[in-house]
Amino acid sequence: MIEVIHPGIYCSVQDEGRFGFAKIGIPMAGVMDQFSAHLGNSLLKNQKTDALIEVTFGMAKFKFNIDTFICITGADFSQKLNDDFINTQEVYKVKKGSILSFGKRNHGFRTYIAVKGGIQSEIVLKSRSFSKEITSKIRLEKGDKLSILAQKFIEYTRFSKVKIYESHFLNPNLECFPGPEFDRLNNSQKQQLLMSFTISEDNNRVGYQLNEVLENNLAPILTSAVMPGTVQLTPSGKLVILMRDCQVTGGYPRVLQLSEVAISKMSQKIRSDHVKFVLNGQ
Amino acid sequence: MNFELSYKPFGAFAILIEWPSIIDEVIIQDIVAFEKEIENKESVLEAVIAYNSLLVRYHEPILNVSLKIQELQVLYDLKRPIQKQSQKLWEIPVCYDLSFGLDLKEISRQKKQPLEEIIALHSSVDYLIYFIGFQPGFLYLGGLHKKIHTPRKSNPRLRVDKGSLGIGGKQTGIYPQDSSGGWNIIGKSPVDFFTISNEQPCFAKPGDRIRFSPINLNTFYQIEKEVSNGTHILRSKLL
Chain A
1 MIEVIHPGIY
11 CSVQDEGRFG
21 FAKIGIPMAG
31 VMDQFSAHLG
41 NSLLKNQKTD
51 ALIEVTFGMA
61 KFKFNIDTFI
71 CITGADFSQK
81 LNDDFINTQE
91 VYKVKKGSIL
101 SFGKRNHGFR
111 TYIAVKGGIQ
121 SEIVLKSRSF
131 SKEITSKIRL
141 EKGDKLSILA
151 QKFIEYTRFS
161 KVKIYESHFL
171 NPNLECFPGP
181 EFDRLNNSQK
191 QQLLMSFTIS
201 EDNNRVGYQL
211 NEVLENNLAP
221 ILTSAVMPGT
231 VQLTPSGKLV
241 ILMRDCQVTG
251 GYPRVLQLSE
261 VAISKMSQKI
271 RSDHVKFVLN
281 GQ
Chain B
283 MNFELSYKPF
293 GAFAILIEWP
303 SIIDEVIIQD
313 IVAFEKEIEN
323 KESVLEAVIA
333 YNSLLVRYHE
343 PILNVSLKIQ
353 ELQVLYDLKR
363 PIQKQSQKLW
373 EIPVCYDLSF
383 GLDLKEISRQ
393 KKQPLEEIIA
403 LHSSVDYLIY
413 FIGFQPGFLY
423 LGGLHKKIHT
433 PRKSNPRLRV
443 DKGSLGIGGK
453 QTGIYPQDSS
463 GGWNIIGKSP
473 VDFFTISNEQ
483 PCFAKPGDRI
493 RFSPINLNTF
503 YQIEKEVSNG
513 THILRSKLL
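Residue numbers (the working numbering), protein chains in the order written: chain A, 1 to 282; chain B, 283 to 521.
Printed below as a string of structure tokens:
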């Protein structure tokens, strides 16, 4: 079992998300940075679908009341296991009673704690991802206890580690596809769309609003499907990049669609970071 | 009847299928029927219905878009009209008391119609459920009488109670959870539209219909009690 000693700013349990229920208005949810989450699970030889703890902007502290193996991926917040700094993207043996904590930010926004066998929290509609109105909790709080599977240290298991993929955190380019309403933009709007943007303070698991304003004369659309990675052009001319907790439908023109890799990269950006949309194949 | 549909890729994993851009009962029935052919295909992760569109998301990236579109076109030609027996009319109790209908008086003033007339216009229609979105269990309904179309409030309320019944422009609907909201509130229903612990968290589905049946305050509180005890049974009939 893992005990939450300090929940930091925002921590939740996430897996790949909840599918097949958009029909009743249920958001997909799931890990924001799928690339880093998959990496953590695969380094531990877990299933791709195993649940992890998503830590937003460090500061959290956890106590392990059971022997296990962990792997930290995503953002680097000078993480420590007891008194020792540990690397991201490397598997560590964790003894019962150990404390995992986070300190100064080195890069990124969201850190994943992958645990051997995955976090065993409640499954609601086929997923463990925390989600408003769906799961009993939407964030981890002090004192929460998360079950994990017991592990034996007897046999020495060799795990690999991988080099940190720097561009995942530092590169501003977001690969994307034209959205369904892209062709309604005129040439000057299309050009503006491919310039550099900065991230506003209005950003969370639902979406990231960008600061710069685009001229916007598009009519609203009849409410239609949106998904994580959809870039909407709002009436004020601001762009919103929808993220994992977004609603299933929306009424703003959908000008771009981020690739899966770009959604993962976006998840590691913070306020004032620069981003640039790069159309696939250009 | 078959429509001229537009198929376009939406990202690497999805195809967006679009019908003419109007809100129309024939169109939504056609979308629902098409979705039935698609929903159980193994390659499909999720299908999302809206007024004039169907988004089909796949597990794997689409390598050959035109081939995928051809597959969908074959399914569209195969689709059967939805069986009437599977569609229901749900009777939803609503209390239009002024203590719940916060904007009823204002609508009555704007429309120069007595309160009773507004309530009568609102509760005499069998609304069609087009799709569910916005929040878990939020039904997009069609059929609101023209006389009571009312623009959204310019200052949205920060908190609208769960169960509140609103009018937003040409649309009417019930907030399934407490939320912020800009619709004009005209009443409240004691019924749950989304119960996560139920096998089917939302009783209604696209293609079903809803009729609002006016109740007084006493009945409201009585039904509210039944709902919280789990003893309330919603009335419905096959269409």
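Using N, Cα and C, we set each Cβ at its ideal position, and we do this for glycine too.
Residues of chain B with a Cβ closer than 8 angstroms to the Cβ of P235 of chain A do not exist; the shortest Cβ-Cβ separation is about 13 angstroms. Chain B has a Cβ within less than 8 angstroms of the Cβ of K23 of chain A.
Note that the region 428-441 of chain B touches the region 456-469 of chain B; at least 3 beta-carbon pairs, one per stretch, sit closer than 8 angstroms.
Contact between the region 133-144 of chain A and the region 9-22 of chain A is present: 3 or more CB-CB pairs across the two stretches fall below 8 angstroms.
In the DSSP assignment, Q209 of chain A falls within the unbroken beta strand (DSSP E) covering 207-213. F62 of chain A and T88 of chain A have their C-alpha atoms some 16 angstroms from each other.
Between the region 456-465 of chain B and the region 386-402 of chain B, the count of C-beta pairs closer than 8 angstroms stays below three; the two stretches do not touch. With respect to the C-alpha of L239 of chain A, the residue from A:F197, A:L222, A:L279, A:N280 having the closest C-alpha is A:F197. Taking 8 angstroms as the cut-off, the beta carbon of S259 of chain A is found no closer than this to the beta carbon of E166 of chain A. In the structure shown, the three-state DSSP call for S196 of chain A is strand. Residue pairing by DSSP places W372 of chain B opposite B:I492, B:S518 in a beta bridge. For L357 of chain B, the enclosing alpha helix (DSSP H) stretches over residues 347-360. When C-beta atoms of the region 117-131 of chain A are compared with those of the region 16-26 of chain A, three or more pairs fall below 8 angstroms, so the two segments count as touching. For the 8 angstroms CB-CB criterion, F494 of chain B and C484 of chain B do not form a contact. Assignment of beta strand (DSSP E) within the region 19-88 of chain A, counting only whole runs of 3 or more residues, yields 52-56, 61-64, 68-76 in chain order. Secondary structure of F502 of chain B (DSSP, three-state): helix. Assignment of D202 of chain A by DSSP, reduced to helix, strand and coil, places it in the strand class. When secondary structure is reduced to three states using DSSP, I221 of chain A falls in the coil class, being assigned neither helix nor strand.
Annotation: V314 of chain B is outside any beta strand (DSSP E); the continuous alpha helix (DSSP H) that includes it extends over 307-320. Between I304 of chain B and E317 of chain B, the CB-CB gap reaches or exceeds 8 angstroms.
Closest in alpha carbon position to N498 of chain B, among B:Y289, B:S368, B:C377, B:P343, is B:C377. For I374 of chain B against I492 of chain B, the beta-carbon gap comes to about 6 angstroms, under 8 angstroms, which counts as contact. Assigned with DSSP and collapsed to three states, A294 of chain B falls in coil, not helix or strand.
Out of A:R271, A:E3, A:A114, A:Q47, the CA that lies nearest to the CA of D202 of chain A is found in A:R271.
In terms of beta-carbon proximity, N437 of chain B stays away from the interface with chain A, with every pair separated by 8 angstroms or more.
The Cβ atoms of G179 of chain A and R105 of chain A do not sit closer than 8 angstroms to each other. Distance from the CA atom of F420 of chain B to the CA atom of G455 of chain B, rounded to whole angstroms, is 7 angstroms. Residue pairing for S288 of chain B: DSSP places it in a beta bridge opposite B:E300.
Identification of chain A residues near F416 of chain B by a Cβ-Cβ cut-off of 7 angstroms yields G25, Q247, T249, ordered along the chain. The C-beta separation of Y340 of chain B from F292 of chain B comes to about 11 angstroms, leaving the pair out of contact by the 8 angstroms criterion.
CA-CA distance, K93 of chain A to T68 of chain A, rounds to 6 angstroms. For F420 of chain B, the chain A residues whose C-beta falls within less than 7 angstroms of its own C-beta are G25, listed in chain order.
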